[in-house]
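Protein chains in written order, with our numbering: chain A, 65 to 318; chain B, 1178 to 1382.
Here it is, written out as C-alpha cells:
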C-alpha cells in the first residue's frame, strides 16, 4: 500500500532558511543545508525548497543550494521559486533536483508544465497553487508571485488546467493559514482532492500533530507539507509519525 | 569503476552521490564512452520512454548496452531505466525498448482512489532471493514515482511485487541484469544498501 507522506517545506531568502506568516513578514530560522541533513536523519519523506526572495527572481540561489543538499540527502528533493523556463528546470534537475515546483510561471505560460513533463516526465512537475479565502464572495482567490498578485482565475478551473497539462502533483497552500500554526484549511484541500485525479499535497497551517491527524483522516490528501511545525519547537517527522501511527495512518517502514 | 549512463535527461547527481557515499568509484558516461574498466553499469532515469528510445543515436546506445550485457557484468536499471530493459513501451506512443528482459511496459491501473503517478513510499515484497537483497528485510518501503509498469514475459523474472490498486512488478531480473521500479538513491538507508549490494555483485545469481 502506498504510504502517506510528511514533507518539510523550506522557504529561502538569500539562501537562509526563513519562515513567513500569511506570506508576509518572516523570521530567519537557520541554514538550509544543515536542516536538510537533520531531516534526512529524522525520517522525512521528501523535502521541498522554495525561494521566496521577491527582489531576485532567479534560480541561481537554488542551484547553489541543490548541489550541496543532494550530496547529503538521499530522498526526493523538489525545488521552486523563480523557475520560468524549461532551461531553468533542466539546470536544476541536472544538479540534483527531482521535481520542479511551478507557481507564478503557470499563469504566464501554461505550456511550461507540458514542456517540462515531456522532457522529464509528469512526475518531475509539481504545480503549486496559492489560495486565499475571499470572505465577502465566499470563494477562494488565487495569487501568484508569493501571494502578491491576484490572478483572475477560478480555483477549480485552474486545478483542472494544471492536471490536463500533465503536472504530476499539486501542492495547495492556504495563504490565510501560512505560518499561523492553527491548522490546515481542510476545505481547500478537499476541493483539490475532489476535482483532480493526481496526488495532492496540502500546505499551510500545521502547528500540532493533531492538525496533521485531522487533515489525513478527514481528507484524501496524499501528503502534508509542514514549515513552522518543524522550524519551531522540539518536533520532527519521527515524532509526528509515531503519533499518527496510533490513528492507523500508514507511513513508510525503513 | 561503476558507470552511470547519461542519456542527457534526469537527475544523475543523486545516483552518483548515492554510490559515492557507499565508498565505490563511479563516473557519469555517455554510452560510447563505456570501456573495459567499467565493472558495472547503472541505467538511471526519470523521463519519457519514447523520448529516450527515439533519440537520434539510439542504435549506437543500444549496441553499447548489449555489448556490455554480453560480457556478463552487472547492469542495474532504475525506474525508467528498468522499463527501458523491456521489448516495448506504451508511453509516448509506443516504441521498441532495449530488449534485454522480455516484456512490455504499459500504463498502470488507475481509479479515483488509486491516483497516478504512483508517487511516494510503498512496500516491496521480495518473491525470490537475489544478491541485491542481501541484508535487507522483506516488505520495507522504497520511494516510487511512475505511471507505467513493466509486465515481464516470464513470471520467473519477477523478483518483487508492490501493490498500488493492483500488484505490479517492482523488481525484474534475468541473468546479470536487474531492474528496480523504485529509486534506491532516493530511498534513504535501505536504498543505499541496495546500491551497495549492486556494486558488490559479480553478476551471477
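Don't be surprised by glycine CBs; every beta carbon is placed ideally from N, CA and C.
Strictly under 9 Å for the Cβ-Cβ distance: is residue 1320/B near chain A by that measure? Within the second chain, residue 1320/B is the residue found at index 143, counting from 1. At least one chain A Cβ lies under 9 Å of residue 1320/B.
Under a CB-based cut-off of 9 Å, is residue 1363/B close to chain A? As a position in the second chain, residue 1363/B is number 186, starting the count at 1. Interface residue, yes.
Rounded to whole angstroms, what is the Cα-Cα separation between residue 106/A and residue 73/A? Here residue 106/A is taken as the residue at index 42 of the first chain, counted from 1. Here residue 73/A is taken as the residue at index 9 of the first chain, counted from 1. Rounded to whole angstroms, residue 106/A to residue 73/A spans 14 Å at the Cα level.
Going by DSSP, what residues sit across from residue 1339/B in a beta bridge? To locate residue 1339/B, count along the second chain from 1; it is residue 162. In DSSP, residue 1339/B forms a bridge with 1345/B.
Can you tell me the Cβ-Cβ gap for residue 1238/B and residue 1262/B, rounded? I've got them flagged as a contact below 8 Å. Sequence index remark: in the second chain, residue 1238/B carries index 61 (1-based). Sequence index remark: in the second chain, residue 1262/B carries index 85 (1-based). Actually they are not in contact, since the Cβ atoms of residue 1238/B and residue 1262/B sit about 13 Å apart, beyond 8 Å.
At 3 residues or longer, and completely inside the region 182-214 of chain A: list those beta strand (DSSP E) runs for me, N to C. 189-198, 203-208
Please confirm if the region 83-90 of chain A is in contact with the region 118-128 of chain A, defined as three or more CB-CB distances below 8 Å between the two stretches. no
Run through chain B and tell me which residues come within less than 7 Å of residue 308/A, C-beta to C-beta. Translated into positions along the first chain, residue 308/A becomes position 244. Here the premise fails: no neighbours, minimum Cβ distance about 14 Å.
May I ask you to verify whether the region 240-260 of chain A touches the region 133-151 of chain A, counting CB pairs closer than 8 Å and requiring at least 3? no
In chain A, which residues lie with their C-beta within 9 Å of the C-beta of residue 1254/B? For the purposes of this step, residue 1254/B is identified with residue 77 of the second chain, where counting begins at 1. Near residue 1254/B there are no residues of chain A at all, since even the closest Cβ is about 15 Å away, more than 9 Å.
Along chain B, in chain order, which residues have C-beta atoms closer than 8 Å to that of residue 113/A? Residue mapping note: residue 113/A aligns to position 49 of the first chain, counting from 1. Per Cβ cutoff of 8 Å: no residues; residue 113/A is ~14 Å from chain B at best.
For the region 108-141 of chain A, which residues have a CB atom closer than 7 Å to at least one CB atom of chain B, in sequence order? 109, 134, 135, 138, 139, 140
Hey, how far is the Cα of residue 316/A from the Cα of residue 224/A? As a first step, residue 316/A is located in the first chain; it is residue number 252 there, counting from the start. As a first step, residue 224/A is located in the first chain; it is residue number 160 there, counting from the start. Rounded to the nearest angstrom, the two C-alpha atoms are 30 Å apart.
Using the Cα positions of residue 1208/B and residue 1201/B, report the straight-line distance between them to the nearest angstrom. Residue numbering aside, residue 1208/B sits at position 31 when the second chain is read from its first letter. Residue numbering aside, residue 1201/B sits at position 24 when the second chain is read from its first letter. Residue 1208/B and residue 1201/B: Cα-Cα distance of roughly 20 Å.
Name the two residues that bound the continuous beta strand (DSSP E) containing residue 1323/B. As a working note, residue 1323/B is residue 146 in the second chain. First-last of the beta strand (DSSP E) with residue 1323/B: 1317-1323.
If the criterion is Cβ atoms closer than 9 Å, does the pair residue 265/A and residue 238/A meet it? Start at 1 with the first residue of the first chain, and residue 265/A comes out as number 201. Start at 1 with the first residue of the first chain, and residue 238/A comes out as number 174. Taking 9 Å as the Cβ cut-off, residue 265/A and residue 238/A do not qualify as a contacting pair.
Indicate whether at least one CB of chain A lies closer than 9 Å to the CB of residue 1309/B. Residue numbering aside, residue 1309/B sits at position 132 when the second chain is read from its first letter. False, the Cβ-Cβ gap to chain A never drops below 9 Å.
Check the Cβ-Cβ distances between residue 315/A and every residue of chain B, and say whether any is below 9 Å. Here residue 315/A refers to the residue found at position 251 when the first chain is read from its first residue. Yes, contact with chain B.
Does DSSP put residue 1203/B in a helix, in a strand, or in coil? Here residue 1203/B corresponds to residue number 26 of the second chain, with the count starting at 1. If DSSP states are grouped into helix, strand and coil, residue 1203/B belongs with the strands.
Option nearest residue 1319/B by Cα separation, candidates 1358/B, 1350/B, 1215/B: Numbered from its first residue, the second chain carries residue 1319/B at position 142. Per the Cα distances, 1358/B.
For residue 267/A, list the residues DSSP reports as bridge partners. To locate residue 267/A, count along the first chain from 1; it is residue 203. In the DSSP output, where bridge partners are listed per residue, residue 267/A has 237/A.
Compare the C-beta of residue 1323/B with all C-beta atoms of chain A and state if any pair is closer than 9 Å. To locate residue 1323/B, count along the second chain from 1; it is residue 146. Yes - at least one Cβ of chain A is within 9 Å of the one on residue 1323/B.
Applying the criterion that 16 or more other CB atoms from any shown protein chain within 10 Å of the CB defines a buried residue, is residue 306/A buried or exposed? Residue numbering aside, residue 306/A sits at position 242 when the first chain is read from its first letter. Counting Cβ neighbours within 10 Å, residue 306/A comes out exposed, since fewer than 16 surround it.
Considering Cα atoms alone, identify which of 227/A, 211/A, 252/A, 173/A is closest to residue 204/A. Start at 1 with the first residue of the first chain, and residue 204/A comes out as number 140. Comparing Cα positions, the closest option is 252/A.
Run of the beta strand (DSSP E) containing residue 1221/B, from where it starts to where it stops: Taking the first residue of the second chain as position 1, residue 1221/B is located at position 44. That residue, residue 1221/B, is in no beta strand (DSSP E); it is neither H nor E in DSSP.
Counting contacts by CB-CB distance shorter than 9 Å, is residue 179/A in contact with chain B? For the purposes of this step, residue 179/A is taken as the residue at position 115 of the first chain. It does not; no Cβ of chain B falls within 9 Å.
Closer than 9 Å to chain A by CB, residue 1357/B: Mapped onto the second chain, residue 1357/B falls at position 180. Residue 1357/B does not count as touching chain A.
If you draw a straight line from the alpha carbon of residue 249/A to that of residue 1382/B, how long is it in whole angstroms? Position 185 of the first chain, counted from the start, is the residue given in the question as residue 249/A. Position 205 of the second chain, counted from the start, is the residue given in the question as residue 1382/B. The alpha-carbon atoms of residue 249/A and residue 1382/B are separated by roughly 52 Å.
Is the beta carbon of residue 165/A closer than 9 Å to that of residue 177/A? Here residue 177/A corresponds to residue number 113 of the first chain, with the count starting at 1. Here residue 165/A corresponds to residue number 101 of the first chain, with the count starting at 1. Their beta carbons are not under 9 Å apart, which means residue 177/A does not touch residue 165/A by this criterion.
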